[in-house]
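Residue numbers (this note's numbering): 1 to 483.
Glycine residues also receive a C-beta, built at the ideal position from the N, C-alpha and C atoms.
Let me begin by presenting the structure, written as structure tokens, before commenting on it.
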């Protein structure tokens with residue numbers, strides 16, 4: 001690639017992420033959306049299930065004037081962008097075989113539902129199993145292109161090989177995937193690169209620049225920007241604000257529990273008793289298949305990507321960002337990428353001064369990218385962090401302070417978060433924001449999705465709505481970064 005770098009520290013170079021020739025599609029339409037196509041009942045049913053019957057016609061075409069998000073647990077969303085279908089992550093919490101005659105599953109979704117949607121692309125925020133499970137399976141059956149780190153693409157290939165070699169005897173020996181050929185996975189940033197591809201060094205920490213790359217599959221109507229950032233992790237207690245501990249409590253009725261205080265004791269029957277998992281038991285039963293990512297994503301799992309979408313409307317642009325983890329960018333603490341430091345290193349400044357300085361500059365570079373991206377209308381972001389014990393919701397709030405989205409959907413609310421704990425996380429977000437001095441007038445509209453009530457409830461945005469009107473400066477950002 002020929003990628004000229006901008007010399008300003010807060011402006012990022014733009015590089016094109018091109019598809020292999022066989023996968024390159026610049027058609028403005030959904031590749032399954034052809035006027036002469038016969039209606040596929042499975043496709044129509046799946047798209048109506050995720051995007052709403054009122055938004056999908058009898059051929060399975062989704063309204064092109066809308067962007068529709070449909071929550072599929074954790075940080076997984078099925079999305080229709082001007083009628084083009086994509087997945088943001090591919091994991092499903094509690095995938096269970098359907099029950100009859102009444103389907104009582106807490107999560108009424110299986111990976112086969114994603115296949116029936118026929119997505120054109122899968123964007124993996126990072127490769128841990130609670131985000132990347134099912135990705136290789138869905139890609140192999142649909143031809144969808146997976147976008148991920150180079151290291152996670154390696155794991156996707158391993159997933160494909162494992163599934164192809166699985167005898168699947170419990171299901172009559174039918175192959176889990178159609179062939180053993182390499183899965184279609186595109187690395188969006190160079191292998192083993194620092195977050196933001198920051199070019200500073202230990203000798204000159206502040207002298208680096210950052211790079212943002214562009215994915216071209218959906219050009220020209222959908223511009224997609226991407227860069228590497230930082231997975232959630234633990235940083236020291238930030239002394240700049242007062243702290244209110246997060247109560248990560250779930251609804252006791254979900255799993256069934258006996259409550260003894262105050263007396264008398266009350267027994268709650270399980271609202272969603274465990275069913276038969278899709279994942280193989282011992283011994284396995286018919287219908288079970290192992291579609292999980294190998295080794296929970298392995299060492300590549302922690303490598304984190306950011307995706308920023310600019311949707312061209314009639315006279316205005318609608319933008320949304322997808323980030324499935326919020327890390328301690330301020331300190332540059334993390335692992336899996338050069339330039340990040342461990343918590344132990346951070347706590348030993350005498351022996352790690354240059355490394356600490358470089359990590360902090362990487363963090364400044366990432367905040368610089370966030371501030372200079374096309375203005376964000378909707379943020380699909382994580383509210384759960386491995387650093388919440390020390391700093392609660394600080395990390396995602398700092399992202400929001402730089403992005404300034406109009407609407408925020410907090411994600412990661414079925415894994416790490418306890419089932420039904422969404423309201424506790426919302427309250428703690430508010431408490432942390434106030435403690436940090438974040439003016440309430442600058443807060444985004446907070447759209448809380450509560451599990452399992454909001455699974456597959458369409459979140460609909462009209463791309464031509466006046467609410468997304470941008471200033472001349474904001475439109476210039478789009479022109480310069482989506483040229």
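Worksheet item: Whose C-beta lies closer than 8 Å to the C-beta of residue 370 among residues of the same chain, with five residues either side of it excluded?
Response: 399, 402, 403
Practice prompt. Take residue 203 as the anchor and find which of 133, 476, 387, 357 has the nearest alpha-carbon.
Written response: 357
Worksheet item: Relative to the alpha-carbon of residue 156, which residue among 177, 105, 213 has its alpha-carbon at the smallest distance?
Response: 177
Worksheet item: When the Cα of residue 373 is compared with those of 386, 266, 407, 321, which residue comes out closest?
Response: 321
Practice prompt. Assign residue 38 to buried or exposed, taking buried as 16 or more other Cβ atoms, counted over all protein chains shown, within 10 Å of its Cβ.
Written response: exposed
Worksheet entry | Through-space distance from residue 212 to residue 4, alpha-carbon basis | Only weak support exists for where residue 4 lies, its pLDDT of 37 falling under 50; the coordinates are left without a value.
Worksheet item: Looking at the structure shown, is residue 480 part of a helix, part of a strand, or coil, going by DSSP?
Response: helix
Practice prompt. Give every residue of the same chain whose Cβ lies closer than 8 Å to the Cβ of residue 58, excluding the five residues on either side of it in the sequence, and list them in chain order.
Written response: 39, 44
Worksheet entry | Pick from 289, 319, 304, 65 that is closest to residue 110, judged by C-alpha positions | 289
Worksheet item: Cα-Cα, which of 461, 336, 132, 106 is closest to residue 233?
Response: 336
Item to complete: Mind checking which residues open and close the beta strand (DSSP E) that includes residue 249?
Response: Segment: none, residue 249 is in no beta strand (DSSP E) and carries neither H nor E.
Item to complete: Could you please give the first and the last residue of the uninterrupted alpha helix (DSSP H) stretch that includes residue 161?
Response: 150-165
Item to complete: Going by CA-CA distance only, name the one from 170, 328, 163 that's closest to residue 179.
Response: 163
Item to complete: Give the straight-line distance between the Cα atoms of residue 303 and residue 197, rounded to the nearest whole angstrom.
Response: 13 Å
Discussion item. Determine whether the beta carbon atoms of residue 390 and residue 235 lie at a separation below 8 Å.
Written reply: yes
Practice prompt. Hey, could you find the ends of the beta strand (DSSP E) residue 382 is sitting in?
Written response: 378-382
Discussion item. Once the 5 residues before and after residue 492 are set aside, which same chain residues still bring their CB inside 6 Å of it?
Written reply: Since the displayed the chain opens at 1 and closes at 483, residue 492 lies outside it and no answer follows.
Worksheet item: Of the choices 231, 210, 107, whose alpha-carbon is the least far from that of residue 453?
Response: 107
Worksheet item: Going by DSSP, which residues form a beta bridge with residue 320?
Response: 309, 378
Discussion item. For residue 264 and residue 258, what's the separation of their Cα atoms in angstroms?
Written reply: 10 Å
Worksheet item: What residue ranges within the region 63-142 form continuous alpha helix (DSSP H) runs of no fewer than 4 residues, ordered along the chain?
Response: 111-117, 129-132, 135-142
Item to complete: May I ask which residues mark the beginning and end of the beta strand (DSSP E) holding residue 227?
Response: 222-229
Worksheet item: Apart from the five residues on each side of it in sequence, which residues of its chain come closer than 6 Å, Cβ to Cβ, to residue 271?
Response: 253, 254
Worksheet item: Are the region 424-444 and the region 467-481 in contact at 8 Å, needing three or more beta carbon pairs?
Response: no
Worksheet item: Who pairs with residue 14 in a beta bridge, going by DSSP?
Response: 212
Discussion item. At 4 residues or longer, what runs of the alpha helix (DSSP H) sit wholly inside the region 346-416?
Written reply: 349-372, 388-391, 394-403
Discussion item. Using the Cβ count rule (16 or more neighbours within 10 Å means buried), how would you classify residue 467?
Written reply: exposed
Fill in: Buried versus exposed call for residue 52 [16 or more other C-beta atoms within 10 Å across all chains shown]
buried
Worksheet item: Within this structure, are the beta carbons of residue 95 and residue 325 separated by less than 8 Å?
Response: no
Worksheet item: Is the beta carbon of residue 230 sitting closer than 8 Å to the one on residue 334?
Response: yes
Worksheet entry | Three-state secondary structure (DSSP) of residue 39 | coil
Fill in: For residue 135 and residue 293, the rounded distance between their alpha carbons
8 Å
Worksheet item: Can you tell which of 104, 48, 137, 238 has its C-alpha closest to the C-alpha of residue 91?
Response: 137
Item to complete: Quick one: grab the DSSP three-state call for residue 288.
Response: coil
Worksheet entry | Residue range of the unbroken alpha helix (DSSP H) whose run includes residue 484 | Since the displayed the chain opens at 1 and closes at 483, residue 484 lies outside it and no answer follows.
Fill in: Contacts around residue 159, its chain only, beta-carbon distance under 7 Å, and the 5 residues preceding and following it disregarded
136, 293, 294
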